[in-house]
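Residue numbers (our numbering): 31 to 481. We put the CB at the ideal spot given by N, CA and C, even for glycine. Since this is a predicted model, take the numbers as computed values, not measurements.
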Amino acid sequence: MSESTIEAAGTPNEHIDSKHDAERASIIQAYKNPHYRYLVLGILTTVYVSNFVDRQVINVLASYIIEDLAISDGQFGMLSGLAFACIYTTLGIPIARWADISNRRNVIAISVTIWSIMTAACGAAQNFSQLFLARFGVGIGEAGGSPPAHSIVSDIFPAHQRATALSVYSLGVYGGILVGTVGGAYLVQFFDWRIAFVVVGLPGVFLALLVRFVIKEPPRGMAEARKDVAPPGFFRVVGFLWERKSFRHLSFACALHAFVTYGMGNFMPLFLGRVHDMPILDVGLYYGLIAGIGGLAGTFFGGWMSDRMANNTGDKTWYVWIPFISTLLAIPFALITFLLMPTGVTAAFSYLLPVFAGGWYLAPCIASTHFLVGIRMRAMASAVLLFVLNLIGLGLGPMLTGFVSDYLTPSYGDNALRYAMSITLMVNLWCALHYYWATRTIRADFDRAPD
């Protein structure tokens with residue numbers, strides 16, 4: 031073959047680069063269609079609903095599990111929090127690193143498959159240890175769900191819409207609580223708690239197929255029209271975040287916020303049934319609808335309002351002020367719910383306000399974290415935030431609330447749970463301090479964020 035023929039044919043690397051550029055252009059073109067962009071957001075949000083259905087359904091089944099397996103409130107707190115959070119936080123960072131250097135869509139699809147199968151496996155548990163291990167398995171799968179999804183959402187929506195888009199994604203938290211609580215209550219009433227785990231778990235396998243074959247992996251930095259860069263090393267990302275004083279305060283504030291949210295929310299169905307003698311179907315209906323609708327509205331409002339205030343004022347510290355306000359707003363309304371409401375129905379309805387306010391924090395905090403880092407750090411940054419949030423919030427919140435209830439039970443009987451939840455609520459004051467301290471340095475940290 032002559033030299034001219036070789037030159038005309040081009041090198042193999044040139045063909046590979048040309049094919050890669052064509053695929054990239056095709057994907058970018060697909061995401062320019064707002065219908066496809068919102069379809070992807072809708073699928074990811076539905077996956078997050080599944081995530082929280084599988085994570086939270088155990089809470090409405092609490093009284094049946096406690097009775098059947100002969101466990102205490104503290105042990106149940108470990109099942110609903112610590113068993114899940116230990117592995118979730120441990121694997122979250124390495125899986126996020128994997129997502130930052132590979133195909134995020136595939137990471138999500140694999141994760142959904144694992145957590146769905148392990149949720150169904152919870153129904154086979156015959157004792158505390160077996161259920162603890164099954165919940166451990168749910169945490170393995172769910173560790174790979176949110177960080178890559180956060181990264182994808184940040185790549186397909188522009189910066190001025192990012193918190194709103196992330197708030198839509200975060201609706202999955204309360205959508206999952208709604209579906210899991212109402213669905214779990216009906217399933218346990220007509221079947222048993224074991225069947226409930228199987229029924230809510232297995233549909234996730236079909237969602238995994240939807241993710242794999244419908245979502246296109248977007249180019250990194252697409253929303254900002256940035257050129258992709260090589261991913262930084264793990265320790266560089268962690269060191270970069272830790273050097274930001276604002277991130278240290280923000281992550282700890284989020285963790286304390288979650289401590290209160292999970293500590294109250296995981297025991298709220300048990301509170302309605304034990305303290306107010308509410309039947310399980312009523313618990314599922316009232317708590318599921320009120321927590322679900324209130325949380326959905328609060329989560330969207332928090333993202334939308336923080337975007338609106340930041341865009342109108344040009345001050346991104348509003349992404350922290352909104353969560354700060356929510357922590358203080360929730361305290362009086364939650365105390366009314368736990369201490370003053372005379373019936374289960376009035377307690378459930380009064381819980382609407384604290385759960386609405388409690389939903390304001392997640393989307394603005396994730397958006398703030400993404401504003402602090404480069405495009406190849408986003409999944410890892412989300413994972414570090416979620417590591418702190420879930421280790422302290424989910425791992426300790428329900429467990430310590432349960433153990434406080436156990437400690438108070440000899441003196442206060444069934445009312446011990448209402449006092450334990452009220453004590454947990456007071457952590458919001460500590461949380462508000464860290465949000466405030468974050469506002470003092472986060473503007474400067476935003477300004478020195480890398481491209």
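Asked, Found
"Spatial neighbours of S412 in its chain, beta-carbon cut-off 8 Å, leaving aside the 5 residues before and after", "A126, S176, P177, H180, S181, I396, T399 and H400"
"Per-residue DSSP class, three states only, for A39", "Residue placement at A39 is flagged as unreliable, the pLDDT there being 46, under the threshold of 50; a coordinate-derived value is accordingly withheld."
"Buried or exposed (CB count within 10 angstroms, at least 16 for buried), M308", "buried"
"DSSP state of Q156 mapped onto helix, strand, coil", "coil"
"Exposure of S110, with buried meaning 16 or more beta-carbon neighbours within 10 Å", "buried"
"Supposed close pair D337, G251 - CB separation, criterion 8 Å", "Not really, about 20 Å apart at Cβ, beyond 8 Å."
"Expected contact under 8 Å - CB spacing of L447 and F301 to nearest Å", "5 Å"
"Where D477 sits in the DSSP three-state scheme", "helix"
"Reference P248; option with closest CA among S56, A193 and I361", "S56"
"Rounded straight-line distance, which links the Cα of I58 to that of A39", "A caution first: A39 carries a pLDDT of 46, below 50, which makes its placement in the model unreliable, though a value can still be read off. Answer to the nearest angstrom: the Cα atoms are 28 Å apart."
"Touch test, the segment 194 to 203 against the segment 126 to 145, Cβ-Cβ under 8 Å, three pairs minimum", "no"
"Whole alpha helix (DSSP H) elements within the segment 154 to 225, 4-residue minimum", "158 to 172, 176 to 186 and 192 to 220"
"Every unbroken alpha helix (DSSP H) within the segment 396 to 450, with a cutoff of 4 residues, ordered by chain", "408 to 418 and 425 to 442"
"Inter-stretch contact at 8 Å, needing at least 3 Cβ pairs: the segment 459 to 477 / the segment 276 to 292", "yes"
"Inter-residue CB distance, V90 and T211 (contact presumed, cutoff 8 Å)", "5 Å"
"Distance between Y61 and V70 (C-alpha atoms, nearest Å)", "9 Å"
"Sub-8 Å separation of N341 and R242 beta-carbons", "no"
"For A154 and R224, the rounded distance between their alpha carbons", "7 Å"
"Contact set for G328: own chain, Cβ-Cβ below 7 Å, skip 5 residues either direction", "V385, F386, A387, G388, G389 and W390"
"Helix, strand or coil at K275 according to DSSP, with G and I counted as helix", "helix"
"Where A52 falls, given that 16 or more other Cβ within 10 Å makes a residue buried", "exposed"
"L121 vs A173 beta-carbon contact at 8 Å", "yes"
"Cβ-based burial, D84 [other Cβ within 10 Å; buried from 16]", "buried"
"C-alpha gap between M456 and P394, whole angstroms", "22 Å"
"Of the residues V218, F331 and A474, the one placed nearest L485, counting alpha carbons only", "Only positions 31 to 481 of the chain appear in the structure, and residue 485 is not among them; the question remains open."
"T98, enclosing alpha helix (DSSP H) - first and last residue", "According to the sequence provided, residue 98 is Asp. The question's Thr does not apply to it. Element bounds for D98: A92 to L99."
"Cut-off 6 Å between Cβ atoms - residues of its own chain near N420, not counting five sequence neighbours on either side", "A115, Y118 and T119"
"CB-CB length for F297 against M451, believed under 8 Å", "6 Å"
"As assigned by DSSP and simplified to three states, the class of N81", "helix"
"Cβ neighbour criterion (16 or more within 10 Å) applied to F277", "buried"
"G374, buried or exposed, once every other Cβ within 10 Å from all chains shown has been counted against 16", "buried"
"Contacting residues, own chain, Cβ-Cβ under 6 Å from R473 (five flanking each side not counted)", "T347"
"Proximity test, A113 beta-carbon vs the ligand NAD heavy atom, cut-off 7 Å", "Of the ligands one can find in the structure shown there are none, so the ligand NAD has no counterpart to examine."
"Whole-Å CB distance - T143 paired with A238, under 8 Å assumed", "4 Å"
"Short Cβ contact (8 Å threshold) for F162 with A226", "no"
"Buried/exposed call for T431, threshold 16 Cβ in 10 Å", "buried"
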